[in-house]
Structures are given as C-alpha cells and as structure tokens.
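Worksheet: the structure to be examined is printed underneath.
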C-alpha cells in the first residue's frame, strides 16, 4: 500500500465514524425520544473517542509527517489535504491526554450549568466554568503555536487565514460607517407592521409555504429533505444527502420563512459541491464564513428583496388571505426588513445584526488579550450594547448569558457570522455584474443564481481557501466596503 | 484486564457499530432522501465489515474459546453470554472468507433480481440465484455442523432449540385439526363488511386513531416514537429507545390499526426488557418466535377481540362518524376478523395465516432434504396453496415470488411466524388463569396486561431461551393444542 492509499484507508474509517455521528446527531436533534439520550451519549462518546485515538496515534502522526515532508510528490489537491491533516494534527497533538479529557468533561458539564444560569439569569453560577474554558482554550492555542496570539489561532480555526489584524480592519470600518447610520435608521423606524408580522398564521399553511420555497429555490428533494427543530440547522453526509430544518411559530410568520431560506442557502451550497471530494478532506463547505455568506445571501440578498416579495406575494396571499388582505408586496418587503434595536442576537434584523457580532468580537479580543476578566463581562457587555444600539439588558439572560457558544468552548466563531454577511454583499455585487439578479428573481429562476454560485464557488468544496474563493468569485480580495454600501443603499431606500 | 473485562470492551465496540447501523437503517427506512443510498451503502458496508473483522479475528476467537473452556468460573448469566458468543462464532468461523464475500455479493445482487422477477412474474430469471443461495446456505450449515440436517441448523438460527422434529409435530397438528376447520369456515364466510373495511378513511384521522392506540396500550412515548414506512417494523437501540412504524392506506382502515397494534406488541416487549442487559449479549427479545408471539398477542388476542371493539368503537365513531354510522361494535369485531382464502401471506387473516406458513415450511423442508429442486418450486407452491386453501395463483408474483425472505437467504425464518401465534395462544390461556383479560381490556387497563407480561416474560430479554420462557410463563412446555383451541373457539363463535 502506498502512503497515499494508507491515508485514504485511514480516512475511510474516520469518515464512516463521522457519517454515523452525523446521522445520530440529526436524529437526536429532530426526533429521538427523550430517554434515548443516555445510551446515545455512551455510544457517541465511544465513536468520538475512536476518531480521537486514530488521529492522535503515533502511526497516524508518522504518516502525516512523512506525507508532509514529501509534498512535492503529489498534486495540488492532495497537497491541500496533507496540509489540512497536518494542521488538524498539530492542533491536538501537543495537548496532554488528561487535559483533553478534563476539558471535554468541563465542556460537557458546562452545558447544563450555562442552561441553568441563563434560565435563572445567574451569571455568577457560570463564571467559574467560563474562566476554566477560556484558560484551557488559551493553553491549547499556545500548545499549537506559542508565538502567535492565542485568539488569532482560534480565529483561524473557524475561518482559515483570518487574524485579529484583518478582523480589526473589518470591524473598525463597521464602527466608523455603520454605527452612526444604524442609529439614524433606528430613529426613523416607525412602521412596525406588527399586525402583519405577529398575526396568527396556521402552522399547516406555513409548512405549505416552506415546501413552496424549497421548490422555488430549486432544492433537490431527491438529495435532501426538510424537518423541524428548536434551532434550525443544516446537516449533510454528502452532496446527495443534505438536510435542513426550520422552525414554525404560530404568531411570527418570518421565523419559518427566513429560517427555511437561510438553511436553503447552506443546503444549496452543500448540494452543489462536487461529489469527487466525498472521500477526501476537501468535502463540505470550506469555512464558517463562506457558509454563512451563502445562507445570508439567500436569506437577505434574495429573500428580503423587493423583487422577491413582488414575485411571491401572490402565493402568500393565497395561503393567508385574511392576514394579508390590506397589504401589498411592498409592505411584505418593508415588514421583513423592519429594523429594531433588540437585545437578542438571534432575533436581530439584517441591519443591526453586525452590531451584535461586533460587541462579541470586542469582548473575545479583550478577554484573550487579558485586558478584561470574566468578572468584568456583564458590565462590559451591557456598556457595549448600549454604545452600539442604545439599549441595555435588564438582566444577564438577555445579555452576556444569551448564547450557547462560549459554554461550548467556541471562541473565534462569532466574527464569522458578520464576515459571512460581508462576503455575501461582495459576492452579490460581483454577481450583478454578470447576471441580472433582480430579473432572475422576478422570473422565478433562482436556479440560474444557483448555477452561477455552483460554477464560481460551490463546486469547489473545501479544495480552496476562503481567500482563494473570494478572489475567484469577486476578482478582488475581501473588502468590507461592499457590505456597508449594500446596507446603506438598501436601508436608505426603505427608511428614506 | 481480566478476560471478562476484555470481552466487555470488545462488545462495547461491536455495540457502538450496531447502534450506528440501527439508526442508519431506521433513517433509511423512514425518511432518507433517495440519492443518499450510494453513500449509505458504502458507509454501512464499512461498518459491517468492521464488525465481521472483529468477530472473526484470531484474537476474538481465542478469547471466546478460553472463556468457553472456563465457564465454571462465571455466573449463569455470563455463561449464557459465552455460549451465545461461542455459537455465533462457530456459525461463521469455518466459512472461507472468499465464500463469505461471494455470498454477501450474491445476496446483494439477488435483491434487485428478485424485485424485477416479482414485478414481471418471471420466476425463471430468479431461479438461478435462488439455487445458489440455497446451496450456500446448505454449505454454511454443514461447515457449522456436518452431522446435523442443515435445515435444523437454520431453524435454530431463528428459534433457539427448534428442529424439524418439533416443527413437524406442530404443523402436523395444524394439518390434522385446522385445515378441515378452515375449509369449513371459508364456506360460511359470507359477511364481507366491504363498505366498512374499504371505505374512504382520511389519513389524518387514521393518524389520530393510531396516536390514541399508543396511549391506550400504554406505550412509553419518552422512550419511543411512531413513524411511517412501506413495510411496518419496530427497531430499538435500547429499552429506552424503541421505535415503530405503521402504514396508512386511504381505502383500507385495518392496515394502520393492526400494523400499529402489531408493532406495539414488538415495541412493548422491547421497552419492558431490563436495562441491565444493555451492555451484554442478552439485550433485546430472545427469539423471532417469542417476539412474534408478543406482536400477535397484542394484535389478535387483544386487538381483534370483541371486548376491544366494545371499548374503543366510540372513539372510532367519533373520528369516522360517516363511515361507521350504520354499524355496532360487534360489526367492527366481525369485520376485523373477516376470513378469506387469499393468495398473499401478508394480507391473510388470523385464521388462514398459518396455512401460508405451513406451505412455506413444507417447501423449505423438501428443498433442504433435496426432495425437490428450484425447478419444481412454482408447481409445488401452487399445488400446496390449493390443497390448504382451495385457491391457485394466476402467476408466480402471487405465488412463489411474493416474499422477500428467500432472496435474502432467510431459510428457517417463516415457521417462527406461525410458532409465534401458537405461543401467543398458550400465553393467553395462562394469563387468563391469573388475570381477567377481558375485564382489563374493557376497563382500558392494558397496562395491567403489559405488567403481567413484563414480570413473566419481557424483563428477561435474551437471558432465557424460548423454551425456558414458555415454561416460566405457562408452566408447561409449548403445546400447539392451545392455538388450535383458541382459533376454533374464536371462529366458531363468529361463524357459528
């Protein structure tokens, strides 16, 4: 067996475990009975441990190093795989096994502690765990590279090639240009469309509309399906098996519509990746940021456009004649772009959303620079959200305790949400140079948009880095100006 | 690590793979998108191969033999595990690897060939594969034990301890007593209740009735769920995760009702097994026959009783007022016990069902005694069904090609279906000596019946053999007389 064949054989094993874990997770999030959790956690712990044992074994490490030292012998695609494998290995290989096990246990325990703390708005009961999680993450990042700012290492975990330097530039631009603009808009945001947004909408009819959207966005039903879950998500085991969930709320119509379209963005990306990468490390979307750019593009650039509602308001009226009778397509457009300074990130609108991310980035950056400690978090949080959006949490549940990410050890993840929206805007302008997006939407030809994205971006899976992809798709490096331009254009029009 | 700990550790790995395979199979049978099959078959083949490699490794074999040679050192439960493991090992260990792989491939290919043959009623196109499957099965049985009739080895695969000698006695008793009785009843079966059975019943209302049944039968929803599939089935990964499916037909009300109750029988058995067996070879129901006895007991002895319909006809009328308005509870009882000589096993009623099994047993026995060849099958089949039920297939699709079992290499499986019904009758009479079953049904207290079965049978999982269980539950060895008595009593009453 050649070294490359050995690598493939080994990957096959890991892929089989991951395939199983993905389907078990899908099941657990969409239908598994409550009491199944005990057996499931035993079984998934076992399968995860097997992956960890393979990937930290001396044999595996030797193989990767040997491949790494002979990269010249291989083609570009395999070299990218080797580099990825080497980096993944380096990220864990220096962590002492007992520390790794302790950390996994800490993360496991912290879930319930965070949930309770959030429920009771009791930051004090979570603070100790949070500090330990932060300390471990700093330590692990330094094991990987003692000469790099730990937060830079973490940022790179979620978005290959991104550092504080680049994120600082991005968020500084938003701070300079967007914060004053948002404050301006918030003053003018007086059409609430409350009776349109929060009327009673039958779940059955909402389901019909979601099914309609799947077809309008040309989702391949033979290679995927839609279900429901508390937090909508998209999971895939291959481009031929991509599953999304949505969430139906009786008294808030936009929950299911925009969850469905958002997840359709993730799902379309995954469905359009070339199957040639299935058995390689280059399968799946390339990064969190690029993935989010696709979900946000479909959700906001398409789904919250005037052209979208001009095209689909008839279907909406057919399903909800009572609720919509005094409204026009333009009202739907405005209602779905209603801007409000809210405290909760996941409920935020397109315009204020990046403010929520900015504050989390500021905090993570200060934490890992040791400028603030976990003791300072609630007040730092509350001051920042007030600074950016002019609102202040009444308690920590609607402040520092609202997100699951930190309790799960995910630092450096949040910035990719805003980055994704900014990527989306830049891609949007590039696309408009080549195809008439508005016309395609009005002609119910979203398939043409899918095809463009497939050719320029989706098909490549993880075989190219986010930076390479942005260059390929937009013919220039990432530049936040498009995002600011897009938001200003759109919201100036809506709010004059 | 002691040998017992090593055994546990090894089993843990196998159980983790089996857990994954079970959930992947559940997904595949209930919702997976069509195009997912390719990736899934690669992944499941890999996971199955891993199990096979573990269970045929020299190391595993040595461990089992050493445990087997020192059984005196262990308690009864572990001794039963060792014996099971030893038998499972012996069944495969002498099969040359290339023959095993060829056989798996043959079975794989035969699925589609059988499907097509059935669709086109073209037995000739399937005959060659069938012959090879039979030859392999005979060969494999002889590898295991060259001094035993191969068919006896196969019968034992599906029902521990059963041989042709015992099945002959069972089926001879049916032939002698039941065949003439069935012919008698068929002559008198003139109330068809066609407009009750085959009216239009909305799927939504049928679903409501199935949900109602789940609660009436005290199904533990925290440890299970119901979905739909083409062929109803029950799968479980532990007593705390037991899932059943049912099948809704718009124009045949009894499909969903009796699929649901039948599967509830399997599911209740699995839910009531002690969790202490989870990590052992003694988890799950003990045999096909005992499992079928539980599904048949709930379906027929409870679900098709007069008391059942006297208790639940009100709910039925509430859901289907139009369809039921000219009928009484007794009509539902009679309609659900309508007897008809049919050609298709899976559509047969409770009374004629064992005739279908008898003929399959006759044929399997003759095949493996080499009294007939695959060339003779269609005519032997047609003659036998005519002899037992007085009907003759027009083509092989409704004759010898109707079942999937043989194309899948399952010989010796069919008899457990009839055996299960016979076990059920014997258990039913034993139960009636201790509790008033009819009263429990009328008081909507099926929970009391569940509890009786849990204490006497379910809790033990596979820790006892079918024969031990029958003795424990009914205080005597299995005797087919109860089955004949039960069917005669019930159908004499219905058909005078």
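Chains as they are written, first to last, in our numbering: chain G, 1 to 496; chain L, 1001 to 1496.
Glycine included, C-beta positions come from ideal geometry on N, C-alpha and C.
**Asked** For chain G, is any of its Cβ atoms less than 7 Å away from the one on residue 1236 (chain L)?
**Response** Not one beta carbon of chain G lies nearer than 7 Å to the beta carbon of residue 1236 (chain L).
**residue 116 (chain G) to residue 396 (chain G) span [Cα, whole Å]** = 12 Å
**Message:** Considering Cα atoms alone, identify which of G:283, G:331, G:97, G:158 is closest to residue 49 (chain G).
**Reply:** G:97
**Item:** Cα-Cα separation, residue 1071 (chain L) to residue 1158 (chain L)
**Value:** When the Cα atoms are used, residue 1071 (chain L) and residue 1158 (chain L) turn out to be separated by approximately 25 Å.
**Message:** Buried or exposed for residue 383 (chain G), going by 16 or more other Cβ atoms inside 10 Å?
**Reply:** exposed
**Asked** Anyone know if the C-beta pair for residue 1461 (chain L) and residue 1273 (chain L) falls short of 7 Å?
**Response** Between residue 1461 (chain L) and residue 1273 (chain L), the CB-CB gap stays under 7 Å.
**Prompt:** Would a check of beta-carbon distances place residue 218 (chain G) closer than 7 Å to chain L?
**Reply:** no
**Prompt:** Excluding the five sequence neighbours on either side, which residues of its own chain have a C-beta within less than 6 Å of the C-beta of residue 377 (chain G), listed in chain order?
**Reply:** Beyond the five residues adjoining it in sequence on each side, residue 377 (chain G) comes within less than 6 Å, by CB distance, of 400 in the same chain, given in chain order.
**Item:** Within 7 Å, strictly: CB atoms of residue 389 (chain G) and residue 341 (chain G)
**Value:** yes
**Prompt:** Does DSSP classify residue 1319 (chain L) as helix, strand or coil?
**Reply:** DSSP places residue 1319 (chain L) in helix when its eight states are reduced to three.
**Asked** Rounded to a whole number of angstroms, what is the C-alpha to C-alpha distance between residue 75 (chain G) and residue 298 (chain G)?
**Response** 35 Å
**Contact list for residue 1047 (chain L) against chain G, beta-carbon separation under 9 Å** = Simply 16, 17, 19, 20.
**Item:** Among G:306, G:58, G:28, the one whose alpha carbon lies nearest that of residue 442 (chain G)
**Value:** G:306
**Request:** Work out the CA separation of residue 429 (chain G) and residue 481 (chain G) for me, nearest whole Å.
**Result:** 11 Å
**Item:** 4-residue-minimum alpha helix (DSSP H) runs that sit fully inside the region 1169 to 1218 of chain L, ordered along the chain
**Value:** Qualifying alpha helix (DSSP H) stretches, in chain order: 1179 to 1188, 1194 to 1197, 1203 to 1216.
**Message:** So for residue 1497 (chain L), helix, strand or coil by DSSP?
**Reply:** What the structure shows of chain L is the stretch from 1001 to 1496, and residue 1497 (chain L) is not part of that stretch, so it cannot be assessed.
**Asked** Taking Cβ positions, are residue 545 (chain G) and residue 1035 (chain L) nearer each other than 7 Å?
**Response** Shown here, chain G extends from 1 to 496; a query on residue 545 (chain G) therefore has no answer.
**Request:** Identify, in the order they occur along the chain, each residue of the same chain with its Cβ nearer than 7 Å to the Cβ of residue 178 (chain G), setting aside the five sequence neighbours on each side.
**Result:** 354, 484, 487, listed in sequence order.
**Request:** Starting from residue 1225 (chain L), trace the beta strand (DSSP E) both ways and give me its first and last residue.
**Result:** 1224 to 1228
**Request:** Spell out whether any CB of chain L is found under 7 Å from the CB atom of residue 35 (chain G).
**Result:** yes
**Asked** Per DSSP, residue 1336 (chain L) is paired with what?
**Response** Partner(s): none; residue 1336 (chain L) has no beta bridge.
**Asked** Using 8 Å as the threshold, is the region 488 to 496 of chain G in touch with the region 321 to 337 of chain G, meaning 3 or more CB pairs across them?
**Response** yes
**Prompt:** If you drop the 5 nearest sequence neighbours on each side, which residues of the same chain put their C-beta closer than 6 Å to that of residue 1364 (chain L)?
**Reply:** Excluding its 5 nearest sequence neighbours in each direction, residue 1364 (chain L) has C-beta neighbours in its own chain below 6 Å: 1411, listed in chain order.
**Prompt:** Are the C-beta of residue 241 (chain G) and some C-beta of chain B separated by less than 7 Å?
**Reply:** Here the protein chains are G and L, and chain B is not one of them.
**Prompt:** Grouping DSSP H, G and I as helix and E and B as strand, with all else coil, what is residue 244 (chain G)?
**Reply:** Here residue 244 (chain G) sits in strand by DSSP.
**Request:** Given a cut-off of 7 Å, decide if residue 450 (chain G) and residue 237 (chain G) are closer than it, judged by their beta-carbon atoms.
**Result:** no
**Inter-stretch contact (C-beta, 8 Å, three-pair minimum) for the region 1003 to 1019 of chain L and the region 201 to 215 of chain G** = no
**Request:** Report the rounded CA-to-CA distance for residue 1155 (chain L) versus residue 1426 (chain L), giving the unit in angstroms.
**Result:** For residue 1155 (chain L) and residue 1426 (chain L), the distance between alpha carbons rounds to 21 Å.
**Prompt:** Near residue 479 (chain G), what residues of its chain come up, given a Cβ to Cβ distance below 7 Å and the 5 sequence neighbours on each side ignored?
**Reply:** Answer for residue 479 (chain G): 426, listed in chain order.
**Asked** Is residue 471 (chain G) near residue 457 (chain G), with beta carbons less than 7 Å apart?
**Response** In this structure, residue 457 (chain G) does not lie closer than 7 Å to residue 471 (chain G) by Cβ.
**Request:** Go to residue 950 (chain L), then tell me how far its beta strand (DSSP E) extends in each direction, as first and last residue.
**Result:** Because chain L in this structure spans residues 1001 to 1496, residue 950 (chain L) falls outside the shown range and cannot be described.
**Prompt:** Can you check whether the CB of residue 1223 (chain L) is closer than 7 Å to the CB of residue 33 (chain G)?
**Reply:** yes
**Prompt:** Does residue 54 (chain G) have its Cβ less than 7 Å from a Cβ in chain L?
**Reply:** no
**Prompt:** In chain G, which residues lie less than 9 Å from residue 1027 (chain L) when you measure between Cβ atoms?
**Reply:** 23, 26, 27
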